[in-house]
Each structure stands twice: as C-alpha cells, then as structure tokens.
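Just below is one structure, and these are the notes that go with it.
Residue numbers (my numbering): 1130 to 1257.
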C-alpha cells in the first residue's frame, strides 16, 4: 500500500484519521501493519465469506445476498453530498440488494472521478 502520508493526501484526510481507519482494518484482519515497513493487505479466510460486508438479514436470520446493478452514471457532484475526492465529477452507482431473491434495500454509492476516469456498467465486475 502507499505510504500513510500519501494516502492521507490522496483521500484528503488527516494522517490521524487515516491511521484510525487503518487500525480498524487491522482489527478486522484485513490489514497487517509493520512498523518501519508499511501496511499490507492481509488474506483473511473470513473475508471470503459471502456475508463479510453484507449486514442485512431476513427476520428469521440469514438469507442468500445478491445485488442488481440498476444504473451507473457519471455526473457533476450535487450539492449536499459530503466532500470527497478532488474532482467536481463522480460516478454514481445504484444497486438493488436482495436476500433470497427478495428486494430488501436500495443502495447508492458515489466514487470520485479521479479514482476511476471511466466507469461503465459493462466494465464492472460482478460484486455484492
């Protein structure tokens, strides 16, 4: 991974804020931090779980998660969004989340255009 100061600059956050985030990733087993050497993405057996980043459940528990990509747009960032990234444009992803094939949530994600110059529906990998 890049040096902490560089990542903080790239994401427009303080080094302290970045270190808090890195500490949380270390706690979850997704990152290994070696003083004087850097931060390393860690293979985590639990991260391969289909539920590792999906926190919705059916009332009776569990449920097989899936998602439908509804729309991908490249837009000028609207007022009212929290400040993120250095571009005035961003990619907006809208997805429908499902459990056992039943819709349970609508999701909207914004990605700064500096992070990925061109994103299309076809260029995205199948992800939850």
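Glycine included, each C-beta is placed from N, C-alpha and C at the ideal position.
Kindly list the residues whose CB is nearer than 8 Å to the CB of residue i, restricted to its own chain and excluding five residues on each side of it in sequence; keep chain order.
| i | result |
| --- | --- |
| residue 1234 | 1185, 1225 and 1226 |
| residue 1232 | 1225 and 1226 |
Using only the alpha-carbon positions, how far apart do residue i and residue j sit?
| i | j | result |
| --- | --- | --- |
| residue 1221 | residue 1188 | 30 Å |
| residue 1236 | residue 1196 | 10 Å |
| residue 1134 | residue 1148 | 10 Å |
| residue 1241 | residue 1157 | 26 Å |
| residue 1140 | residue 1132 | 12 Å |
| residue 1204 | residue 1217 | 9 Å |
| residue 1142 | residue 1200 | 29 Å |
Residue j and residue i - do their beta-carbons sit closer together than 8 Å?
| i | j | result |
| --- | --- | --- |
| residue 1194 | residue 1228 | yes |
| residue 1130 | residue 1167 | yes |
| residue 1208 | residue 1219 | no |
Go through its chain and collect everything with a Cβ distance to residue i's Cβ below 6 Å, but skip five positions before and after it.
| i | result |
| --- | --- |
| residue 1214 | 1241 and 1243 |
| residue 1223 | 1199, 1200 and 1237 |
Once the 5 residues before and after residue i are set aside, which same chain residues still bring their CB inside 7 Å of it?
| i | result |
| --- | --- |
| residue 1250 | 1198 and 1201 |
Runs of beta strand (DSSP E) wholly within the segment 1215–1251 (minimum 3 residues, chain order): 1218–1228 and 1231–1241
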